[in-house]
Each structure stands twice: as C-alpha cells, then as structure tokens.
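Participant:
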Amino acid sequence: MAAAAAADVREIDAIVVGAGFSGMYMLIKLRELGLTAQVIEAGSNVGGTWYWNRYPGARVDTQSLEYSFSFSAELEQEWRWSERYAPQAELLAYAEHVAERFDLKRDIRFHTRVAAAHYDDASSQWTVTTDAGDQYRARFCIMATGCLSVPTEVTFPGIESFKGALYRTSRWPREGLDLSGQRVGFIGTGSSGIQAIPVLAEQVAQLTVFQRTPNYSMPAHNGPIPDEDLQAWQANREDYRARSRNTALGFLYDPTDRSALDATPEEREAEYERRWQVGGFRIFGAYTDIGTDLAANATAAEFAKKKIASIVKDPAVADLLTPKDHPFASKRLCVDTNYYATYNRDNVRLVDLRATPIDRITETGLATTGESFDFDAIVLATGFDAMTGAIDRIDIRGRDGAVMKERWAEGPRTYLGLMVAGFPNLFLITGPGSPSVLSNMMTSIEQHVEWIADCLAWMAGRQQAVIEASPAAEDQWVAHVDEISTTTLYPHANSWYMGANVPGKPRRFLPYAAGVDVYRAHCAEVAARDYEGFVVSAAG
Ligand code: NA7
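Per our numbering, the very first residue in the sequence shown carries number 12; after that it's consecutive.
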C-alpha cells in the first residue's frame, strides 16, 4: 500500500489518466485489488468520448446491448437502453450511472490534465505532474486516454477572419446549439459528419457539405429495442457475452465461413441484402475474405454502390457519394440514419473538394477554387489524431529518461498494445498494437483492464513490483502487427488507421488486425506462461 503523503506530492499506488469507460473500469478493478488509485480527467465529468462528442446525431455504432459493461450482471440488469444504438446523451447518462453506482467520483479529479509522467529508476515510481503543477507519485501509471480523444488541428487560410460561428463536432457546446434558420457549411464526411449531417439538415435553412473523400456507410435501422430482444438478452446474457468476447470484432455479427468468391452473384446479393436489412456492421460477417481479398471486397463494394445509387435521386450526387479510391471498409465503415437520403433534400448541397478544393475561409463564408459561399456557421468534422495523439501530448519519460514520443517517432511500439519497453509499470488501455478501434471498444476495454488487473495481482502474489516489456518481445510484436496488417486491405486506404490524416505522422497501421478472439487467446497464453515477454522484478 502507499506510504504516507509527502509534502506537495501525493503518494498513491496507481494513477489512471482518463475517466472514460476504460479509466472507470480500471478504477473499479484497482480498488478490488486493494490499491489506492487516483484518476485524472480533463473534462468536468466521466464519459470520455461521450463527454466530448455532443454534436447532433452523435450515437454509438455498435449495438448498445453489447456496447456496455458486462462485468456486473446487476448493472446490466438494472440499465435499460432506449434504442438499439443509444444517442450520446444516454451514453453519458450511463457513464454517470456507473460512476454513481460504484462510487467512483471520490477518486476522480476533474478539470485536470496530466502534463508529464516521469519514471524514477531508483524508486521504481512514476511522478505524474498535472497542468495545475501538482504532483502524484505512484508505482503504476495507466493510460486510459482513449483512441479518438485528440481532434486534429485542421485549419484553413483565413479561418480567423470568419465573422460567423465556427464549431467542431468533437467540441460541440455543452449547452447545445440552435442552428435553425441558418446557412451552415459542413466540412468532413467521416463517421461524425455522416451522423451529424442528416440531423442538422432538418434544423438549418441551408446545409452545404464539403466532401473530400466519400465513405461507405450502412443503415443503422435504429429504433427501440423490441421487448422480446431485451428479454432474450437478459435470459441469455452470459452466453451472448461469452460468444461476443470470442468473435473477431468483439460483438455478435453472425460470421459465415465462406469466401465471397465461392458464392454465385445471386447468393451474394441475397446475403448482402439480408445483412443490409439487419443494418450496422452485420455485413462484415457475410464472407470471410471481404477484408482480405480485393476481388471478394469488390463484391461488397458493388453492393454498397448500388444501394447509394438506389437511394440518392440525382445520379451525379450519387456518383459523388460513391467511394472510388479505397476498398470497402478499408476506411472505417460508418453506420447512419438517413445519410444518403439527406442529399435528396432541397436544402442540402454536396460540394466535391476533389474537383474544387477549399481555397480559404472568408469573412462571410468559404471560397473553393470554383465558388464562394456565404455562411452563418461553419462546422468542422475533420477527425482525430487517432490512437497515439493523447499519449504523444503527455511528456512521458521512462527508464534512463527515454522519451516516449521519441521512441514512437517512427510509429508506436508496444508489446501487445499494453506496454512499452523501457517504460516499466506503464500500461496502455486499448493502445496501438491491440484490436481496439477494430473492435467493440467495450469488449476490448474489459479485456485489457482485466488483463492488467490479473497481472498486478499475479505480481503482488510473487512479491514482484516492476513489470516491463522486453525489447525483443516488443520488436516481435511490432513486426507481427505490421505483418498481419499486410494480409488485410487496410493499407490500401489513406485512413486514420494508417496515421494518414495527420501531416507528418508516420504511415503505420495502428491497431492489431488479427481479431479480438485471436488476440484474447494470445494475451491469456502470455499470462499463463508467467507473462512471457515481460521482465518482472522486485522494486528497485
Ligand atoms: P474521420 O473519420 O477522420 O473523418 C474526418 C473527415 O474530415 C473526412 O471526411 C476527411 O476527409 C475530412 N477532412 C479532414 N481534413 C480535411 C480538410 N483539410 N479538408 C477537407 N476535409 C477534411 O473523423 P470522424 O470524427 O468523422 O470519425 C472518427 C471516428 O470516430 C470514427 O471512425 C468512429 O470510430 C468514431 P478525408 O477522408 O481525409 O479525405
């Protein structure tokens, strides 16, 4: 247990950075282990992604019954999701409920950012400094900083001259916004844009969408969860959860074991249509090789393109909305409500930035190389510095003063996405090199938090105090993550998965693409072999 407090520096067993779902669950597990813990959170409340992303239409794109904690049967039984895909406000209310139920807030410090975390070899302790200048000393430092928590700093010439209002989807005003009657320019057609555009279109006078790259999107078919589905879920909860933990994506999507190329065109059409009707990510289960074989992938792409053409009335607009430069789902597949149909509205216009790029933001709006537009407000939905952004922004120094950002200069290096060689007792939750963003985040968060907690318990049982990844194990893992990515079609796209959306960011496929099932088994095996690939020792 932690020693008595020293002047100005609080001694604690573990620091957790971030109070999203991963930080909250980590705190619960640390308490179960009898460790003292302090969570540090920049926002004023729990919820992470769901605290920050409050734009109209923001909602989860994994079904809520599965995008929720499974560790507590009571929690699961007492919470009722109103819709298949819960809206942001409900997810935030759920986070709040979890915080209340497990009395988490007494160990969370809000409105505070971690500025630095430095490891001291002699004491085997981390000194964590906040932006308020105060310090904590802890044996363990756990980064629960989220994969999509740092917006990219996209800007445009003249942006400061704009006299209207400028908003970012990822930093939407907490009090909400009434844009009714306004002329709004909207930049970005990733997941955030695809969710926000249909809702904004219903409020505003005129919505002009500036698209650089069209994305594929599947219909959510959102709505209330039918009673019989809820009852079936509650009755078979443990079975459903156990099965979803052992799928490649960390949720139930009814995968087949067939190649798309072994099916006839009619069979494929029927299979894709069946899955389109269910909606969401169900299409991933249609065939085994959609994500790995270009010819198989083209069959899914063709299906999606036909759907766009059938929904969007103007063929020229439909064509603009049709992805042409990347395989199906090699950029993150979106899930929408009325996205494509929104372009049939009279008050919505799509502008192709490939043909006429943005030249500058003006006092009254925006000028492309082809046309000038007047707007009352401009919304940026331009994405995140994914998976490494939040880690890079903290001054993390490990053994011998090694700087994490420098260590990751050529791309992130981890063992299992969980630890970094030379940074003892520093854990990452859903870090680069783990399935994370390719999976149901809740499944992956629980797996990581439980693995870390088991590891800490194992160490305590052996009177060991320090664990770190061996450089050799890290090298092998980094090479393995790269190698697996080359068996997929992900490297064919300029996506945030590849670090391609941030100027100067190294081109590396960031998550681990072998699947949650494979990864989970591997992590369990590593633990069973007394944490193979890790070096464990008593305190310095
Ligand atoms: P994304 O998916 O990274 O989308 C960002 C969008 O913004 C995308 O369409 C970009 O086009 C566009 N973008 C970015 N910079 C510019 C500039 N300079 N000019 C014009 N357009 C630009 O972020 P989201 O927030 O939508 O979604 C992130 C994840 O959150 C999502 O996948 C879910 O996992 C949840 P580009 O494709 O780069 O041409």
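By construction, the Cβ of each residue, glycine as well, lies at the ideal position given by its N, Cα and C atoms.
A quick note: this is a predicted structure, and the numbers were derived from the prediction, not measured.
Please classify residue 304: is it buried, with 16 or more other beta-carbons within 10 angstroms of its beta-carbon, or exposed?
Facilitator: Flag for residue 304 reads buried.
Participant: Evaluate residue 521 with the Cβ neighbour count: other Cβ atoms within 10 Å of its Cβ, from every protein chain shown; 16 or more gives buried, anything less gives exposed.
Facilitator: So residue 521 ends up on the buried side.
Participant: Going by beta-carbon coordinates alone, are residue 233 and residue 95 separated by less than 9 Å?
Facilitator: Yes.
Participant: Nearest to residue 312 by CA position, among 338, 325, 288, 59, is which residue?
Facilitator: Nearest of 338, 325, 288, 59 to residue 312, Cα basis: 338.
Participant: State buried or exposed for residue 159, treating a residue as buried only when at least 16 other CB atoms are found within 10 Å of its CB.
Facilitator: So residue 159 ends up on the buried side.
Participant: Considering only heavy atoms of the ligand NA7, does any lie closer than 8 Å to the CB of residue 114?
Facilitator: For the ligand NA7, not one heavy atom lies less than 8 Å from the Cβ of residue 114.
Participant: Name the two residues that bound the continuous beta strand (DSSP E) containing residue 411.
Facilitator: Neither: residue 411 is in no beta strand (DSSP E) and is coded neither H nor E.
Participant: Out of 162, 323, 168, 172, which one is the CA nearest neighbour of residue 181?
Facilitator: With distances taken between Cα atoms, residue 181 lies closest to 162.
Participant: Cutting at 7 Å between CB atoms, please list the residues of its own chain near residue 110, excluding the five before and the five after it.
Facilitator: Only 35, 57, 116 meet the Cβ criterion.
Participant: Would you kindly report the start and end of the unbroken beta strand (DSSP E) that includes residue 245?
Facilitator: Element bounds for residue 245: not the beta strand (DSSP E) but the alpha helix (DSSP H), 238-246.
Participant: Under three-state DSSP, which class holds residue 311?
Facilitator: DSSP places residue 311 in helix when its eight states are reduced to three.
Participant: Which term fits residue 527, buried or exposed, when burial requires 16 or more other beta carbons within 10 angstroms of its beta carbon?
Facilitator: Under this definition residue 527 is a buried residue.
Participant: Taking only runs that begin and end inside the segment 93-162, name each unbroken alpha helix (DSSP H) of 4 or more residues, in chain order.
Facilitator: Segments of the alpha helix (DSSP H) lying fully in the segment 93-162: 99-112.
Participant: Which stretch, first to last residue, makes up the beta strand (DSSP E) that contains residue 527?
Facilitator: Where residue 527 is concerned, there is no enclosing beta strand (DSSP E), although the alpha helix (DSSP H) it sits in stretches over 527-539.
Participant: Assuming residue 379 and residue 369 are in contact, meaning their beta carbons sit under 8 Å apart, how far apart are those beta carbons, in whole angstroms?
Facilitator: Contact holds; Cβ gap of about 6 Å.
Participant: To the nearest angstrom, report how far apart residue 493 and residue 365 are at their CA atoms.
Facilitator: Using only the alpha carbons, I get a separation of about 31 Å.
Participant: State the Cα-Cα distance for the pair residue 582 and residue 499, rounded to the nearest angstrom.
Facilitator: Since the first residue of the chain shown is 12 and the last is 551, residue 582 is not available in this structure.
Participant: Tell me, which residues are paired with residue 10 by DSSP?
Facilitator: A question about residue 10 goes unanswered here, because the residues of the chain that appear run from 12 up to 551.
Participant: By how many angstroms is the C-alpha of residue 183 removed from the C-alpha of residue 287?
Facilitator: Between residue 287 and residue 183, the C-alpha separation is close to 31 Å.
Participant: What are the complete beta strand (DSSP E) segments, minimum 3 residues, inside the segment 409-457?
Facilitator: Taking only runs of at least 3 residues, the beta strand (DSSP E) segments lying wholly in the segment 409-457 are 437-439.
Participant: So residue 286 is in the alpha helix (DSSP H); what residue range does that whole segment cover?
Facilitator: Element bounds for residue 286: 276-289.
Participant: Mapping the DSSP letters down to three states, classify residue 473 as helix, strand or coil.
Facilitator: Coil.
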